[in-house]
Every structure is written in C-alpha cells, then in structure tokens.
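Protein chains in written order, with the working numbering: chain A, 402 to 653; chain B, 402 to 653.
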C-alpha cells in the first residue's frame, strides 16, 4: 500500500517504521514544522511536506497528530474518496468527516516511543465509516500486526481508559520508586526483574488472584514501618495510604 | 550445600525449587501443618517435619514464614553455631538472635508465587551477623542467582518499600483495569503487550522520561471524558484523580 503520514511524533514515527518494515511505501511525511518532517521522511525514504494542501495521492492517509489537533487537520484536508484514519484512542472517528467520505480509526493499543530500539507487539483497534472502509483498514492493520480487533468509538474509549490505568499510572509508580531509590541511595535497577515478573505473569493468572504485599494481608507492622520510612516523602505517603485503602477494600 | 527449609508457602516453595535445581540438597521441610509440609517435601525429595525440635543438621536453615512469625519460630530453634537466615524484606536480621550465633538474611527481591510455571530472575539482598556469616550467605546466594547485593537492614527495608510500590501497587492497577474491562465487556488480554512494554522499556530509559498520557500533557478533554466514563466506578475515579494530580505535580 502507498501511505501518507500526517504527523511526525512518537506514533507517526513508530508506525511509519513498522509500515515500511512490512513492505509498504511511505510517500510523504507531513508536519507543520519542516525540521520535524524532514528526519522522519529521510528515515522512511519519503518526501517531507509542510502544507496539507500539497499532499499527493495515496491508498491510506494516517493522521497521527495530538488528539486536539485531529479535527482541525482533517478539516484542512480534501481527500474526496481517499481513505483516511486517525490513531487516537479517545477521539471519535467522526472527527474525520470533513476530510473524506471514507474514514476510520487505526488505534495502536500500545505505548509508542521513538527512542525505544525494539518495536513492541502492537494490537490494533480498528473502526470504519462504512463496512468497506472497515475491511480496508482491518486488512491493512493485519499486514502490520498479528492482533487486530474491531471496536466502536465507545469500546475504544473504554480500552483507552484501561490503557491509561495500566500504563501511564504504572509508569508513574516506577518513576516515584526511582526517585525514592535515588534519594535513599538504593539501586533502582535491582527492581527490574520484579517489575518484569509482575507484568508478564498476569498472562498465566488473573492479577486479582496474584495480589501480594502488606496491604492485602493486613500486615500492620510493615504498613507502620513504611509509613515511618515515608515521613519525609509526603507525596509518596499519600499514594501509599490510598493504595493500601483501595487494596483492602478490593479484597474485603 | 545441605539445606533445611522452614516454611512451605510461596517463598519456601520457589526458593526450594531453585535451590534443588542448582544442585543443593533439601533435607527437611518444616511446616506447622503436615498437609503443607508433605507436598513440598515430596517435590524436593526431602522429609516433611512439623516439630521445630526435630530438625536435623544442615549447612543452612532458611526461615521462610510470614514476617510476624519469624521471631517466634527463631526463638524455638536451638541451632548453636549453625547458619540460619530469614527471607523477609522488612524484618531485622536480629529477629534471629535467639536461634543461633550465626545468622543473617537472604532476601529475594522478587514476587514469588508457586503457581507460576517459570522461576523468574531473583536478585538477592544478603546480610550477615558477622563477616564470615555474610561471606557464607553471599556465596550460597551466588549459587542460585546472578545478582547478589549486600544490604543492611535499613537498606533492605527501603528497597522492600520500593518493591511494594512497583509490584503490589502496579498489580493492583492491573486488577482494577481487569475488573473495569469485565464490567465494560472489553478484552483485558488486549492490554498484555502494553503492560509488558511499560515494564521492559525502563531498562532503556528512566521511567520519569517515558511518562505519557493525558495527565502529563494536561489533555483536559480526555481527562473529562475519562471522568465521565468512570461516573459509576467511584473507587477507580478516586484513584484516577489522585494519579492525575500526582503526575501533574511530579512533572511541574
């Protein structure tokens, strides 16, 4: 397929790499800022472009810009019948109505960062304005991923919310622990195997059945010790207390 | 080495398997309850035992019982000069003073569950009452792990607190998301690749530099959408609000 990428951030970059890797052609990379469009276009053997009016013809146009810019970008496109998709979890497909009669969603349910050397497995949630659009988007997604699922706007928004909880919030816990380790001169990297284990074992058993720690076993002495250790870290202490309460209510 | 295991729960079971796998002999497995001691003893080709007074001689005695039972179990042992360790993150090594003159800590910085089919990588934090004890414990730990670090009681307690944050709390986020997926008829397993990516990529880059999501980019529309989606889930809404605030303060 011939692809035009609209955007040059993390999502555009990683999807562009994956798309090229699977044998498609990326023709153009658009960004408002030429200094952003150019390096990605070069990497993908595409042409950089800064005017939405100067985009050429392609089989699929992929809009990967910040959520709140999607509708504005779409309104500046005039693609007639050409297929256009956005890649956002929380934005309705109807944000693309002004761009073309054929539109849909190609949402990667993954955290994509251009600086990570290995492209992770990316499940896609797809949607289309018509069943023909949906079939085209589904088939395209299958060329770049082993896991493609049809999801409506509502279904996608709920999975996006779950994704925020399991990824953004977990990552924040890691960031907090890393900061605490720095302040207490502990080696945060000692926790890597534990973090990996917690993430990978939920494929064997439900996380609700795997909960461990002082909160779930109501180990008051350890809970008190931890509170004492956190007396100079009020923001962590706050999160710690809320988690303890939330865990204890969940398993009551 | 000849090992006697005191305890038959998750830690005793997984450490017992690892110790046997690396060529040591587990002679006896103690539990208060014979029906607990017996299956683990059978698996490890050891003898089950329910009396702490009937333990034989061994090179190392490993106490892997609940934190609040360690001191009590230790006080019933009379091991003279035989080396005894506990495996707890938050309990001082001095809890073993009554058991023997030679004691220390062999703390696995990992979440160990007997039902998980693959034994994960286990970093150990070790401590000893004397430098000879420490050397013995360190050398033993090195036979079952590639990553052994000396840590005092205080250092170990801080890493244990960090471990609670990155593992128990993350797992709770996964459990909450799984429950939300069930209620909203989403497929939680679609999130496995994302969860794995979040956990594994922190080895490439600090989590503080990898934070993404609506909170850190102050995407008010998505934050409002999520609040609306959670209106019938007050406990998740509460956590969501606290994380949003905590993330925004962390990156201010």
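C-beta: ideal position from N, C-alpha, C; glycine also.
The continuous alpha helix (DSSP H) containing residue 644(B) extends over residues 635 to 651. Residue environment for residue 417(A): buried (at least 16 other C-beta atoms within 10 angstroms of its C-beta). Identification of chain B residues near residue 614(A) by a Cβ-Cβ cut-off of 9 Å yields 512, 564, 565, 568, 569, 570, 572, 573, ordered along the chain.
Look at residue 504(B) here: in three-state DSSP terms it is strand. Annotated as distal: residue 588(A) and residue 622(B), with beta-carbon spacing of 8 Å or more. Residue 548(A): not part of any alpha helix (DSSP H); DSSP gives it neither H nor E. Within chain B, 608, 609, 612, 651 have C-beta atoms less than 7 Å from the C-beta of residue 576(A), given in sequence order.
Scanning its chain for C-beta atoms nearer than 6 Å, with the 5 sequence neighbours on each side dropped, one finds around residue 648(B) the residues 616, 617, in chain order. Under DSSP, residue 429(A) takes part in a beta bridge, and its partners are 405(A), 448(A).
Per DSSP, the continuous alpha helix (DSSP H) segment holding residue 573(A) begins and ends at 571 to 584.
In this structure, DSSP gives residue 605(A) a state outside helix and strand, which the three-state scheme calls coil. For residue 529(B), the enclosing beta strand (DSSP E) stretches over residues 525 to 529. A contact between stretches requires three or more CB pairs, one per stretch, nearer than 8 Å, and the stretch 569 to 582 of chain A meets this requirement with the stretch 566 to 573 of chain B. For residue 475(B), none of the residues of chain A pass the 9 Å Cβ criterion, the least Cβ distance being about 16 Å. Taking 7 Å as the Cβ-Cβ cut-off, the stretch 499 to 510 of chain B approaches chain A at 510, given in chain order.
Within the same chain, 462, 500, 501 come within 7 Å of residue 480(B) by CB-CB distance, once the 5 residues on both sides are set aside.
Residue-level contact by beta carbon fails for residue 464(B) and chain A, as no gap is shorter than 8 Å. Taking a beta-carbon distance threshold of 8 Å, residue 627(A) counts as an interface residue toward chain B. Nearest neighbour of residue 493(B) by Cα position, chosen from 528(B), 474(B), 478(B), 482(B), turns out to be 528(B). As the crow flies, the alpha-carbon of residue 641(B) is around 18 Å from that of residue 653(B). For residue 623(A), the residues of chain B that pass the 7 Å Cβ criterion are 468, 491, in the order they occur in the chain.
Taking 8 Å as the threshold, the shortest C-beta distance from residue 539(B) to chain A does not fall below it.
In terms of beta-carbon proximity, residue 545(A) stays away from the interface with chain B, with every pair separated by 8 Å or more. The criterion of a C-beta distance shorter than 8 Å is satisfied by residue 579(A) and residue 608(B). Against residue 597(B), the close residues of chain A are 521, 522, 597, 600, 601, 604, in the order they occur along the chain (beta-carbon pairs closer than 9 Å).
Around the beta carbon of residue 594(B), a 10 Å sphere encloses 16 or more other beta carbons of the protein chains shown; the residue is thus reported as buried. Per DSSP, the beta-bridge partners of residue 484(A) are 461(A). Around the CB of residue 435(B), fewer than 16 other CB atoms lie within 10 Å, so the residue is classed as exposed. Counting every other CB atom within 10 Å of its CB across the protein chains shown gives residue 625(B) a total below 16, marking it as exposed.
The beta carbon of residue 533(A) does not come within 8 Å of any beta carbon belonging to chain B, so the residue lies off that interface. In the DSSP assignment, residue 509(B) is bridged to 525(B).
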